[in-house]
Structures are given as structure tokens and as C-alpha cells.
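As they're listed, the protein sequences go chains A and B.
Sequential numbering of the first sequence, starting at 19, is according to our numbering.
Sequential numbering of the second sequence, starting at 5, is according to our numbering.
Glycine residues also receive a C-beta, built at the ideal position from the N, C-alpha and C atoms.
Quick notes on the structure that follows.
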Amino acid sequence: MTFSRESRSLILLTIATAVLLSLLPVPALLSPLKPYWVALVMIYWSLETRAMINLGLAFLVGLVLDILSGSLLGMHALSLVVMVFLVQRFRPRLRFFPPWQQAFSVLLLLVNDRIILSWITALLGEPMPTWKYWLPPLIGVAIWPWLFLLLDSLRARMRRHKT
Amino acid sequence: MANTESSGSSRWFGEEGARTARLLMYILLAIVLMSMDQRGHYVPRIRSTMEQLFEPVFYLAGWPAQALQSLGRHTSARRELIAENRQLRKQLLETAGSVQTQAALWQENQRLRHLLKATQGQAYTFKFAQMIRVDLDPFSHKVWIDRGAGDGVFAGQAVIDGLGIVGQVEGVLRHSSSVRLISDPDHALPVQINRTGLRTVAYGSGETSYLLMPNVPLQADVSPGDMIVTSGLGDRFPAGFPVGEVEQVQRDRGATFARVYVRPYAALDRGREVLLIEQARTEQPRIEQQGHADLQQAEEP
Chain A
19 MTFSRESRSL ILLTIATAVL LSLLPVPALL SPLKPYWVAL VMIYWSLETR
69 AMINLGLAFL VGLVLDILSG SLLGMHALSL VVMVFLVQRF RPRLRFFPPW
119 QQAFSVLLLL VNDRIILSWI TALLGEPMPT WKYWLPPLIG VAIWPWLFLL
169 LDSLRARMRR HKT
Chain B
5 MANTESSGSS RWFGEEGART ARLLMYILLA IVLMSMDQRG HYVPRIRSTM
55 EQLFEPVFYL AGWPAQALQS LGRHTSARRE LIAENRQLRK QLLETAGSVQ
105 TQAALWQENQ RLRHLLKATQ GQAYTFKFAQ MIRVDLDPFS HKVWIDRGAG
155 DGVFAGQAVI DGLGIVGQVE GVLRHSSSVR LISDPDHALP VQINRTGLRT
205 VAYGSGETSY LLMPNVPLQA DVSPGDMIVT SGLGDRFPAG FPVGEVEQVQ
255 RDRGATFARV YVRPYAALDR GREVLLIEQA RTEQPRIEQQ GHADLQQAEE
305 P
């Protein structure tokens, strides 16, 4: 599999956009619904390519997100590393799942991530999160198909552009 | 085939094992980083350098909201603006009125302090700052403001809004700085109950809706509605600034202390503008003899 510089920059660009999106302020009413953008994009790329996405990149992206969002340094790094590991581990199966089944696995991944994060925040002495804490995975799954199509078409356009 | 980086270790563990080993290594690294960050070893310094590097990103991310807001300002109806203007004028007049009486009170307070030869009261100057509208981790208890080292902001500076204490400056960058909110579970604020003068400490609860005072003696005179102000101990927050109002007092029979819940006055999660308290401007104390003269005069009649 040849891996061009263009698609490499596309990967980095989409990840950077996802980081910016997670910093973007939303009205207070919507803020508990905010999906985990970076995770969704990372899941997509680790499903679709093998060349660039690895645990090291996941860790780095997580650290950048930690610094920008002011969370404990290493928290998002841990969550993204675990997520990318799981996707890569079950990649052969996930890739050939029908779309609804794939979406369901994405939901499981996001919920699993929420569980890990809630352990960490519990260790920090934060109060137990309310039911709203579990909404973002649902929103994330609702967005997943559209994000998948968007990134697919971006990639296709890139490829056409090249040839 | 496999990732190139695993070629070394895969000889020992096999493909799958190598990946698991790497996962464990990264998890360990993340845990070490987190515990170091939590205890304040080295990591805060690394963080502040990295933040320096990423400073433009905050402006980039905050820009759309700002643009929307200014667009809203341009298109808001004339009628609304007039109404808002009238409202603000009224508010200004009311505030000016109460400040006038306060000026007289301040003078009187100074005179009395002088008679008692107590330390001089302090007056403060404030610096206006705006929050940069970026969405941070809800567990970070942190906001960014648009003033930095270039504007004379320093770490530890107290931050208030129109209603009460908001937090203290934590990291200072060139054009922005981060403010740790008083709702952070690691934040302790030296306070006193305004009515009785009882001094205690208000801790963040992790929720922006209340603070906790866990060290109030069971028999202490505290009741809902009491105003909590800063005590000025610890030299970080100046004394006498409103913090919040006692909402609930929990006196368990078996416990040593009462648990007091305080509702902060400041709009911790939805504020937009804040004030930085500048270094206190202390009036030069007058010469000792004059103080004596005052005292004698006061005693004579």
C-alpha cells in the first residue's frame, strides 16, 4: 500500500479540525451533548488505514488535547491510546461489519471510553457524574455515519485529484 | 504487513504481543504523567511551556463565537439598544448612589482604624478582562481570559466578577492567562462568615453550584442566608470580598464538624467579563504622633 503525502496531511488536517471543534464553545444547554470529535476521527482513520495511525500518534494527539482543554495531562492520551488499540485489534472484523453493526461497535468504544474517564475523575475527587455524562456517546454514534461519509468523500476527492 | 516500528520487539513477543506491550507502556506513561500532574511535579512547568506554544489556538477556537457575538451586536435592533442603554444608566445611577455612601463609610472606617492604631485599610484598583470563549474540559475548572503578562497579570492574582470571587490566575501567557475557579476540588479559599466573623476555609466541590465548608464546628453560629466573605488570610485573596451565601447547614450527630454548603455569588460557569484585582494601593500611614494627637483629641471631651 503506497501512502502519499497528501493523505498523510489529510489525516493530520482532519485530526486538527477535530481538536478545534472540541474547543469550540457551544451554548450551555448543548454543552453536555458535545461528541468526542477527536475519538470519532481517530476511529475512522484507524479503521481505514494502517500506515499512519498508531498508538504513538494517538498518545501525542491526546496530549495536545489535554493541554488545550485543560484536563489532567495524560487523560485523553490514555483514552485515545486504548481506543486506537481496540480498533486495531478488532480491525479485520470491524471493517467487514454491516454499517449498523459497525455503528454499534463505535457506541461500545465510546461508552468504554467514558467508563475509563469516569474512573480517572473519581480518583481526582470529583463528584460522581450525572446521567448527562453518558449522552455524548449517543450523540457520537448519531454523527458517526455522516462523519464516515464526509471523510470518505474527502479521501476520494483527494485520490481523484492526485491521478 | 505490520507497523515498521514493531519489527524489533515482535521478534520477542510476536505481532499481537508486541502491540499489547506497547499499549501497556503507553498506559503506564499516561498514568505516570497524570499522577505527576495531580501532585504538581514538573508537569505544570511543561504544561505552561506547551500552552505558550499553543496560545494562538485559543484565539482561533474562540474566534467564531466572538464573530457571532459582534455580528449580533451590529444587527441588534435600535430599540433593544435604547432599552439596554436605559437599563444600564439606571444601574449606574444606583451603583453610584451606594458608592457615595460607601466612600463616607470608608473615611469613617479609616478614622476609627487610626484611633485604634490598627493597620490601614486598603483600596484596590481593578483591571477589566474578558473570558476567551473556548470550551474546556468540564472537570478542569479553568477559564481563559484575554489579559496576559503584557498587561501586568501575575500568577496568584485574585479574579472577581461583578458579584463575587471567581478564582485566581494560574498560568500567565503573553496575551492570555488561565484562571483556576474556586469550584475546583483542589482549591481552598480562606473565608469568614460576615455576620459572626468566624473564620474557616471554603473548598471547591467540583460543581459550580456550591462550595463546601467542612471544618465548621458543630456548635458554630451559622445559618442559611449568612454571607461569606474572604478573610484575607493566606495573602492571596484580599479581605472582605463577597464569596457566596450559606445555602444549607448539615449537622450530623456523630460528626465532629458541620458541613456547610455555600452558593457562590459569582457566575462561575456563565460569566463573560471579569475583573483582576491589582496590587493593593496602600495609603501611606500618617506619622505616629499625629495619630496620638487624634487619640488625645478624641479622649479630651
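Judged by their CB atoms, residue 65 of chain B and residue 41 of chain A are nearer to each other than the 7 Å cut-off. Ranked by how close their Cα comes to the Cα of residue 80 of chain A, the residues A:55, A:162, A:149 have A:55 in first place.
As DSSP reads the structure, residue 234 of chain B sits in a beta bridge with B:195. Residue 213 of chain B sits exposed, since fewer than 16 C-beta atoms from the chains shown fall within 10 Å of its C-beta. Against chain A, the CB of residue 217 of chain B has no partner CB under 7 Å away; the residue lies outside that interface. Check the Cα spacing between residue 45 of chain B and each of A:90, A:127, A:26, A:45: the tightest is with A:90. Beta-bridge pairing by DSSP links residue 248 of chain B to B:232, B:268. Out of A:102, A:141, A:138, the CA that lies nearest to the CA of residue 123 of chain A is found in A:102. Residue ranges of uninterrupted alpha helix (DSSP H) with 4 or more members are absent from the segment 88–137 of chain B; none lies entirely inside it. For the segment 113–141 of chain A, the set of positions with a beta-carbon nearer than 8 Å to some beta-carbon of chain B reads 138, 139 in chain order. Residue 264 of chain B places its beta carbon 7 Å or farther from that of residue 247 of chain B. Three or more beta-carbon pairs drawn from the segment 146–161 of chain A and the segment 45–53 of chain A are found closer than 8 Å, and the two stretches are therefore classed as touching. Residue environment for residue 57 of chain B: exposed (fewer than 16 other C-beta atoms within 10 angstroms of its C-beta). Interface annotation, residue 105 of chain A: not in contact with chain B, CB-CB separation never under 7 Å. Chain-order list of chain B residues neighbouring residue 48 of chain A: empty, with the shortest C-beta distance near 10 Å, by a criterion of under 9 Å.
A contact between stretches requires three or more CB pairs, one per stretch, nearer than 8 Å, and the segment 24–34 of chain A meets this requirement with the segment 59–70 of chain A. In chain order, 204, 226, 261, 262, 264 place their CB closer than 7 Å to the CB of residue 220 of chain B, counting only its own chain and leaving out the 5 sequence neighbours on each side. Pairwise C-beta distances place the segment 69–87 of chain B out of contact with the segment 105–116 of chain A, as fewer than three of them are shorter than 8 Å. Chain-order list of chain B residues neighbouring residue 93 of chain A: 38, by C-beta distance under 7 Å.
DSSP lists B:261 as the bridge partner or partners of residue 221 of chain B.
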